[in-house]
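First comes the structure, then the notes that go with it.
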Amino acid sequence: KLLDDDASKFQGQQQIATSLVHLDKKKSSGIDDTTVIRVNADLRESRRRVSEEVAREERLAAIDAEREASMAENAAIEGKWGQLEGFKVPQDLHKAIEEQKKRCRAVLASKDELIAELH
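Just so you know, the sequence shown maps onto residues 277 to 395 in our numbering.
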């Protein structure tokens with residue numbers, strides 16, 4: 277009977293050892309899976325941030341380009357206003373004013389287009 281108890285005890289200890297090895301493998305596998313998930317999430321977040329920064333830089337470049345173009349066009353429009361004083365024929369003055377209005381609308385349309393693109 278003592279041998280049966282010792283054998284039973286030995287089998288129990290073997291089962292415990294086997295179970296502990298199995299649990300360690302499951303734990304290690306779970307940690308590995310969690311690590312992979314975290315690494316992938318970090319990678320996605322990093323890519324999202326890079327993409328967001330690129331988009332931000334593109335928006336700033338578009339705004340700067342619009343500002344430069346607008347400043348140049350505004351300067352050209354400003355220069356034309358002084359020339360309007362020299363017109364003596366009303367039809368010519370009207371035509372020149374309409375051209376100025378057209379150029380002003382083009383500047384505003386360009387700004388509106390950029391605003392629409394940014395939203």
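All residues carry an ideal CB built from backbone N, CA and C; glycine is no exception. Since we're looking at a predicted model, the values are computed, not measured.
Under 7 Å between C-beta atoms of residue 383 and residue 354
no
Pair within 7 Å by beta-carbon distance, residue 325 and residue 394:
no
Coil, strand or helix - residue 306 by DSSP
helix
Does DSSP put residue 361 in a helix, a strand or coil?
coil
Following the continuous alpha helix (DSSP H) through residue 370, name the residue where it begins and the one where it ends.
366 to 394
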